[in-house]
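Below: the structure, in structure tokens.
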Amino acid sequence: MAKFRLFGSKTDEVSDRELVNRRLARTVAAEGMVLLKNDGVLPLQSKRLALFGAGARMTVKGGTGSGNMQERYSVSIEEGLKNAGFEIVSTRWLDRFDASYAAEKEAWRRSIEERIKHYKPWQVQRMFDEVIHVTPLRFPIGDEIRPEDLPEDTDTAIYAVARQAGESTDRRLEKGDYYLSDVEEKNLRVLTEKYDKVLLLVNCGGILDLSVLDTVSGIGAVLYFVQGGEEGGNAFADLVSGSVTPSGRLTDTWAKKYEDYPCAGEFGTMGDVLQQDYKEGIYVGYRWFDVNGIEPRWPFGYGLSYADFEIKEQGTKICGSTVSVSVCVRNVSLEYSGKEVVQLYIAKPDGKLPKERKALVAFRKTGLLVPGDQETGTLEFNMEDCAVYDGESACRILEAGEYGIYLGSDSRKNTLCAVLVLDETIVIEKLTNILPVPHPVDTFVPDRVMVDYPREVPRLAVDTGSFVTREVIYGDRRPVIKTKQAGEYIKSLSDKELVELCVGPGYSGLGYNVTPTAVGRTSISLLGRGIPNINFSDGPAGLNLCPKNAYTRSGIPNYIDEVPKDWQWGWIRKIEPFVLAKPGRGYRVYQYMTCFPAVTLQAQTWNPALIEEVGKAIGTEMTETGVTLWLAPGMNIHRNPLCGRNFEYYSEDPFLSGTMAAAVTKGVQSYRGLGVTIKHFCCNNQEDKRETVSENVPERALREIYLRGFEIAVREAKPWAVMTSYNLVNGVHTFASRDLCAKVLRSEWGHDGLVMTDWTASEKNPGEHTACILSGNDLIMPGHPKAKKELRNALKSGRLKRADLETAAANVLNVIFSSNVWEI
Ligand code: BGC
């Protein structure tokens, strides 16, 4: 048997797979960018453009941290426009921007080098923790535009505001981050004074304050670019040139001012950074704006098109518990083809429990409709999914009353099309209460409303006989055996071997199956017993793997075969002799992975079928690189616009998040042997102090908002794995919460796959590795010898039973023996 097996490609030539996936990345990016304002600016008339702003050349393709990507290249906005035949006539400002940023970067590099002088090469981690991470290079804002920077020979200017964010830190409520900087605002003013047509482009993974639109007149168009992935620049050009009509819709509410958001003044470091009380309850995003009558700048679900559409309801039916609304969408514009997103909302009656004014229950994106063309389709949902959680009885109930069904094109622009009448309250599911809040949370209660629906709207009686109450049995946990091998091994492995299976081998270490730079793997110490390792790679914008790798003949990784050009850090020189491959010796492995647009942008397509294609494309890359589990999709709820990782998550709405996560899961898992890992379960809604913050969430909000998306993904698509989060929920670390990992995930939702920790999450406090296994979190990642020792001691002391380990190990074995790479 060979000592190791390397995946990836042996050549760095562009493969057919790259070309195909790159095209898909462009389609998704163009379909997800949202046109927010357009007073006759787009599509562009002029072929000569004055382009400014940090995002013009330094276009942010995605966020930082584990959600980053290392693609072959990414197309900037300037390049995209040029590729599409536009001429950029503002190079003077752009060149000056480049030069001043290069100088800033050089000064930063020198200061870092100075400060790491005294570290030894093997102290790389410390260098990062103590110097590099704490003094990151500032993302540039851009210089002031001077009169001589303004070209005369065009009437059109584009200003690309850009922001960078990523894990470990939240965004800041400051100028230059959430707010435009003074320079940016001034520049926009200068441009509007000079040019007839000004397009503001927002190249940011989350919401920005755009009150500049109220103070500077003349910004004729706004486009939310988000982070467009490697093809972002080309996709942008597709939209502004008119070759693609915008069809993206917002997945979050854009407030007129930050203070309009719930928990505004108390989020993260602005409040108690270690105790976040979810006082807003279920009223997150549009639910908050609706119930408080706050006018947003742009509502959830909003987005413009070049075309105009007419949406007509053609009849609503209820059959058992399934409601279906038939709809016809017609493109009534004369000039432009386009796609419309039809959205269906439900207004539940206030009863024992107050409700949100409206909640999204179904949506549908049309195909491309040419002018005059129409498409008929059905939007469907199950009434059971509208049940609410009643903590008093620990049941999900559908309260008696009238349910309004609204059809339209966003959360504000919709019309009542039918009323469902439920005569008695139905108990849908009998559950058990979980995770009590550690102290009373003064939860917001809206005023009750009695909606008087107009008489002429059709009333449909809901047949109460079509519901059957389910009672969840919270039994003891037992090993779930899904593969023959898992069944055979689980009894024959020693206690020590079971421990090896439940703890990863750490960051480094060579596996038998080698995916260079994979961020995690299972143990290889059982290879002699016929159990190979499997590899995990980050996402969620693709596979985060290093493109160029080198290995010695005996399989020792050199990690890199050349220093990437943008590695400015002086520390690399220190470790160079240890990590650089000798020219011409050993193996070279290439992994050029596609950088898809940020997850928020993907959700803005409102097109699950397209996102399923993204999953399939990622599946081809996992197969090529020997990755079994993709550590994605990220699917936490956008509770506040300042969360540093919002770009990795879909939306403020759980239904949309769950539907999109299910779609990408289906795509990846359509391949034999590949699985996804939905993360971060749950409430990882703040990055500052993410490992110690307790997210104190009243149970109703926990179940209806923060768990709901995960539930949809688990029930609809059966993801192979779930990653617990760093934070605590109601005073308990999620990875050590039996309520979350065993009761909710497995007993209530039927997840029978793997549960793993987030990286090093359980390493901080003694006893937490054991708590993981006892709670139903099977795999400790990335793993550490201390974790193994703790588990072995816990077995000796009786705190942990062999049966607990068998249950956890079976879930690891099931994945290994179902994987794409298990055959040795
Ligand atoms: C992130 C996870 C990621 C893991 C492995 C953690 O810091 O929170 O999302 O999957 O690292 O890179």
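Read left to right, the sequence shown gives residues 1080 to 1903 (the working numbering). Glycine included, each C-beta is placed from N, C-alpha and C at the ideal position. Remember, predicted model here, so these are calculated numbers, not experimental data.
Closest Cα partner of residue i within the set the options
i	options	result
S1854	N1775, L1874 and D1818	D1818
P1687	A1740, V1823 and C1342	A1740
L1279	Y1303, H1812, L1423 and Q1243	Y1303
E1166	A1133, I1211 and D1232	D1232
S1802	L1781, G1754 and V1776	Sequence check: residue 1802 is Met here, not Ser. For M1802, the nearest C-alpha among the options comes from G1754.
E1766	M1112, V1323, R1779 and P1720	P1720
A1163	G1312, L1439 and K1575	G1312
P1226	E1193, T1271, K1492 and R1217	T1271
V1408	Y1152, D1387 and K1427	D1387
R1794	G1737, S1472, V1811 and G1146	G1737
R1151	S1125, N1100 and M1462	N1100
F1379	M1860, V1891 and Y1729	Y1729
V1420	G1372, G1327 and G1846	G1327
R1787	Y1485, V1536 and A1438	A1438
R1527	G1430, S1190 and T1455	G1430
V1113	L1680, Y1785 and R1718	L1680
R1250	C1283, P1525, D1275 and R1268	C1283
E1052	V1203, A1182, R1205 and V1210	The chain is shown from 1080 up to 1903; residue 1052 falls before or after that span and cannot be answered.
Residues near residue i in its chain [Cβ-Cβ closer than 7 Å; skip 5 each side]
i	result
N1612	G1590, Y1591, N1592, R1600, T1601, S1602 and I1603
P1712	G1618, P1619, V1678, A1740, V1743, V1755 and I1757
A1889	P1558, V1559, I1560, A1565 and I1569
G1470	N1512, E1778 and R1779
Y1532	E1481, G1483, L1495 and V1498
K1082	G1634
Beta-carbon separation (whole angstroms), residue i vs residue j, contact threshold 8 Å
i	j	result
E1731	G1364	3 Å
Q1670	C1625	7 Å
N1117	L1413	Going by Cβ atoms, the distance from N1117 to L1413 rounds to 17 Å, so no, they are not a contact pair.
K1358	F1523	6 Å
V1411	K1434	Actually they do not touch by this definition, with Cβ atoms about 35 Å apart.
C1581	I1852	6 Å
A1239	A1135	5 Å
L1036	F1615	Nothing about residue 1036 can be reported from this structure: the residues present for the chain run from 1080 to 1903 only.
A1800	L1824	In fact, because the Cβ distance is near 11 Å, the residues do not count as touching under 8 Å.
I1224	F1368	That belief does not hold up - the Cβ atoms of I1224 and F1368 are roughly 35 Å apart, past 8 Å.
S1247	G1144	6 Å
G1752	S1897	6 Å
L1121	A1300	5 Å
P1200	Y1586	The pair is not a contact, with the Cβ atoms about 17 Å apart (cut-off 8 Å).
Same chain, Cβ closer than 8 Å to residue i, five either side skipped, listed in chain order
i	result
G1554	S1826
L1807	T1771, V1772, S1773, E1774 and T1813
Exposure label - residue i; buried when at least 16 CB within 10 Å
i	result
Q1393	exposed
S1400	buried
W1648	With a pLDDT of 49 at W1648, under the threshold of 50, the predicted position of this residue should be treated as unreliable, and no value is reported.
H1863	buried
H1830	buried
C1398	exposed
P1845	exposed
K1745	buried
Cβ shell of residue i (< 6 Å), same chain only, five flanking positions each side left out
i	result
E1097	Y1671
K1273	L1229
V1440	L1423, I1425 and F1460
P1595	N1628 and V1668
L1884	L1577
E1508	R1475 and R1549
W1646	Note that W1646 scores 47 on pLDDT, short of 50, meaning its location in the model is unreliable and no value can be drawn from it.
A1840	Y1805 and F1814
T1631	G1665
T1457	S1403 and S1405
R1366	E1435
*asked:* Which runs of the alpha helix (DSSP H) at least 4 residues long sit entirely within the stretch 1264-1324? Give them in chain order.
replied: 1291-1294 and 1311-1320
*Fully enclosed by the stretch 1394-1436, which beta strand (DSSP E) runs are 3 residues long or longer?*
1401-1410 and 1420-1426
*Could you tell me which uninterrupted alpha helix (DSSP H) segments, each at least 4 residues in length, are contained entirely in the stretch 1738-1790, listed from first to last along the chain?*
none
*Enumerate, from N- to C-terminal direction, the unbroken beta strand (DSSP E) stretches of 3 or more residues contained entirely within the stretch 1831-1882.*
1833-1835
*asked:* At 4 residues or longer, what runs of the alpha helix (DSSP H) sit wholly inside the stretch 1564-1637?
replied: 1574-1581
*Unbroken beta strand (DSSP E) runs of length 3 or more, entirely within the stretch 1521-1547: which are they?*
1538-1540
*Could you give the uninterrupted runs of the alpha helix (DSSP H) lying entirely in the stretch 1332-1397, keeping only those of 4 residues or more?*
1365-1370
*At what residue ranges does the stretch 1191-1272 contain a whole run of the alpha helix (DSSP H), taking only runs of 4 or more?*
1203-1206
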